[in-house]
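*Asks:*
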Amino acid sequence: MKNITLGGSGVSVPSIAVGCMRIKNLDAAGAEAFVRSALDMGAVFFDHADVYGDGLCEEMFAAAVGMNASVREKILLQSKCGIVRGKMFDFSQEHILASVDASLKRLRTEYLDILLLHRPDALVEPEEVAAAFDQLHAQGKVRRFGVSNQNPMQIQLLRKCVRQPIVANQMQLSAGYANMLAKGLHVNMLDDVSVDRDGYILDFCRLHDITLQIWSPFQYGFFEGVFVDNPKFPELNAKLAELAGKYGITPSGVAVAWLLRHPANFQVVSGTTKAERLRECVRASDVRLSREDWYAVYLAAGNTLP
Ligand SMILES: NC(=O)c1ccc[n+]([C@@H]2O[C@H](COP(=O)([O-])OP(=O)(O)OC[C@H]3O[C@@H](n4cnc5c(N)ncnc54)[C@H](OP(=O)(O)O)[C@@H]3O)[C@@H](O)[C@H]2O)c1
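Mind the numbering: the sequence shown is residues 1 to 306 in my numbering, read in order.
#1: Go to CYS57, then tell me how far its alpha helix (DSSP H) extends in each direction, as first and last residue.
#2: Sorted by chain position, which residues of the same chain lie with C-beta nearer than 6 angstroms to GLY55's C-beta, five sequence neighbours on each side aside?
#3: What's the C-alpha gap between LEU289 and GLN93?
#4: Can you tell me whether DSSP reads TYR22 as helix, strand or coil?
#5: Taking the C-alpha atoms as reference points, what is the distance between VAL287 and PHE266?
#6: Assuming ALA168 is part of the alpha helix (DSSP H), what are its boundary residues?
#7: Beta-carbon separation of VAL193 and ALA43 under 8 angstroms?
#8: When you compare only the Cα positions, how much space is there between PHE204 and PRO152?
#9: CB TYR111 to CB LYS141, shorter than 8 angstroms?
#10: Would you mind working out which of THR250, VAL167, VAL256 sits nearest THR5, comparing C-alpha positions?
#11: Could you tell me which of PHE223, TRP258, GLY225, GLY221 sits nearest to LYS239, measuring between CA atoms?
#12: Count the other CB atoms, across all protein chains shown, that sit within 10 Å of the CB of PHE227; report buried if there are 16 or more and exposed otherwise.
#13: On the DSSP bridge assignment, give the partners of THR5 in chain order.
#14: Decide if MET60 is buried, meaning its Cβ has at least 16 other Cβ atoms within 10 Å, or exposed.
#15: Which of the three DSSP states, helix, strand or coil, is assigned to ALA17?
#16: Straight-line CA distance for HIS208 to ASN25?
#17: My understanding is that ILE23 touches THR273, with C-beta atoms under 8 angstroms, so please give their C-beta distance in whole angstroms.
#18: Ignoring anything shorter than 3 residues, give me the beta strand (DSSP E) runs that lie fully in the region 226 to 279, in order along the chain.
#19: Classify SER150 as helix, strand or coil using the three-state DSSP reduction.
#20: In chain order, which alpha helix (DSSP H) runs of at least 4 residues are fully inside the region 75 to 148?
#21: Kindly confirm or deny that the region 218 to 234 and the region 170 to 178 touch, where touching means at least three C-beta pairs closer than 8 angstroms.
#22: Out of GLU58, PHE46, GLU32, point me to the one whose CA is closest to GLU356's CA.
#23: Could you check what DSSP says for LEU212 in three-state terms: helix, strand or coil?
#24: With PHE218 as the anchor, note down where its beta strand (DSSP E) starts and where it stops.
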């Protein structure tokens, strides 16, 4: 498994993180088998959120991994807070502290390796976030902090008050959802692709040593479905199949290798609940696509060059 350095922290983490949003779809035995397989293949970084299954995913994970002190020191746990499902986003000090306490309880651990603020809160007060982070850090409940789905100005606003480095920003990106990359190729053009939707977050994160964690690496649209083996994407799937043969990995693996080929050193958050599919991602992390093949996948997915 290829490792990357998390943000400017100097901490080495697996380039494939195991997203736990969907493990609620497994039964207890299935979750245990999946988590054990992940550990066997070196996938020791697990991505959670307080809202996944309304807390059930964190609880199921703790049971599946058989959480205890010796297990805990072998894994990296990330969780998120700030979404109150269907009602609001909440970055208040009170909510952040309460959410972390609840996640720690469900995960049966005393600390998170990383806490992310899940989605921007319109009513954010950076002083409150800073106070919450200070308290969590001082109490040893959270070691590092990051954000998710935030643009550069929102991160800068936090950084005005937050004392700990922001080490990660989790954003959606895939061959089928590539505006973050495509608009950087269409600068100053009159087409829709050139429209900036994220404040040039990719360049900002590279400039400031913030790791972009990539969510939904196989989805197109906003949870519209998986593009791999999807007849809606014949050209892309033909290219993924061709390169799978060339590099000795699977088509899903090529989709992962395509993300990891980017020099920003992304961490890919896989969402599968199947050990075999996770293994395809892990194998792909050691493959480096050529420049020509990277662009061929980009174009086959329907993205364009000016
Ligand atoms: N920060 C955020 O706002 C945010 C938002 C969404 C997700 N996330 C995180 O990102 C993780 C990944 O998101 P995601 O689950 O949407 O990502 P994903 O890996 O793109 O999608 C995984 C889903 O696609 C299915 N799938 C079908 N065919 C597949 C194939 N050939 N290869 C791989 N998967 C295939 C999987 O089913 P099987 O389980 O049957 O394989 C699973 O349901 C989540 O677990 C969560 O941790 C974060």
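Heads up, the beta-carbon is just placed ideally off N, CA and C, and yes, glycines get one too.
Please read all numbers here as calculations on a predicted model, not as lab measurements.
*Replies:* Reading from the atomic positions:
#1: Position 57 of the sequence shown, counted from the first residue, corresponds to residue 57. Run containing CYS57: 56 to 65, per the alpha helix (DSSP H) assignment.
#2: Indexing the sequence shown from 1 puts residue 55 at position 55. Result list for GLY55: ARG106, in chain order.
#3: What you label residue 289 is simply residue 289 of the sequence shown in a count that begins at 1. What you label residue 93 is simply residue 93 of the sequence shown in a count that begins at 1. Roughly 44 angstroms separates the two Cα atoms.
#4: Within the sequence shown, numbered from 1, the residue matching residue 22 stands at position 22. Strictly speaking, residue 22 in this sequence is Arg, with Tyr absent from that position. Coil at ARG22, not helix or strand.
#5: Taking the first residue of the sequence shown as position 1, residue 287 is located at position 287. Taking the first residue of the sequence shown as position 1, residue 266 is located at position 266. Straight-line Cα distance between these residues: approximately 14 angstroms.
#6: As a position in the sequence shown, residue 168 is number 168, starting the count at 1. Run containing ALA168: none in the alpha helix (DSSP H); it sits in the beta strand (DSSP E), 166 to 172.
#7: On the sequence shown, residue 193 is found 193 positions in, with the first residue counted as 1. On the sequence shown, residue 43 is found 43 positions in, with the first residue counted as 1. Contact flag unset, no.
#8: As a position in the sequence shown, residue 204 is number 204, starting the count at 1. As a position in the sequence shown, residue 152 is number 152, starting the count at 1. So the alpha carbons of these two residues sit roughly 6 angstroms apart.
#9: Translated into positions along the sequence shown, residue 111 becomes position 111. Translated into positions along the sequence shown, residue 141 becomes position 141. The criterion of a C-beta distance shorter than 8 angstroms is satisfied by TYR111 and LYS141.
#10: Along the sequence shown, read from residue 1 onward, the residue named residue 5 stands at position 5. Nearest to THR5 by alpha-carbon distance, out of THR250, VAL167, VAL256, is VAL167.
#11: Taking the sequence shown and counting its residues from 1, the one referred to as residue 239 is at position 239. The option with the nearest alpha carbon to LYS239 is TRP258.
#12: As a first step, residue 227 must be located in the sequence shown, where it is residue number 227. It counts as buried.
#13: Position 5 of the sequence shown holds residue 5. Note: THR5 sits in a beta bridge opposite SER12.
#14: Sequence index remark: in the sequence shown, residue 60 carries index 60 (1-based). By the 10 Å Cβ count, MET60 comes out buried.
#15: Translated into the one-based positions of the sequence shown, residue 17 becomes position 17. Reduced to three states, the DSSP call for ALA17 is strand.
#16: Looking up residue 208 in the sequence shown gives position 208. Looking up residue 25 in the sequence shown gives position 25. In a straight line, the C-alpha of HIS208 is about 37 angstroms away from that of ASN25.
#17: By 1-based counting over the sequence shown, the position of residue 23 is 23. By 1-based counting over the sequence shown, the position of residue 273 is 273. The Cβ separation is near 6 angstroms, so the contact holds.
#18: Scanning the region 226 to 279 for uninterrupted beta strand (DSSP E) segments of 3 residues or longer gives 267 to 270, listed from N- to C-terminal end.
#19: Position 150 of the sequence shown, counted from the start, is the residue given in the question as residue 150. Just to set this straight, residue 150 is Gln in the shown sequence, not Ser. Three-state result, GLN150: coil.
#20: 93 to 107, 126 to 138
#21: yes
#22: Residue 356 lies beyond the range of the chain shown here (1 to 306); nothing can be said about it.
#23: Counting from one through the sequence shown, the residue named residue 212 turns up at place 212. The answer is strand: DSSP assigns LEU212 an E or B state.
#24: As a position in the sequence shown, residue 218 is number 218, starting the count at 1. Here PHE218 belongs to no beta strand (DSSP E), and DSSP marks it neither H nor E.
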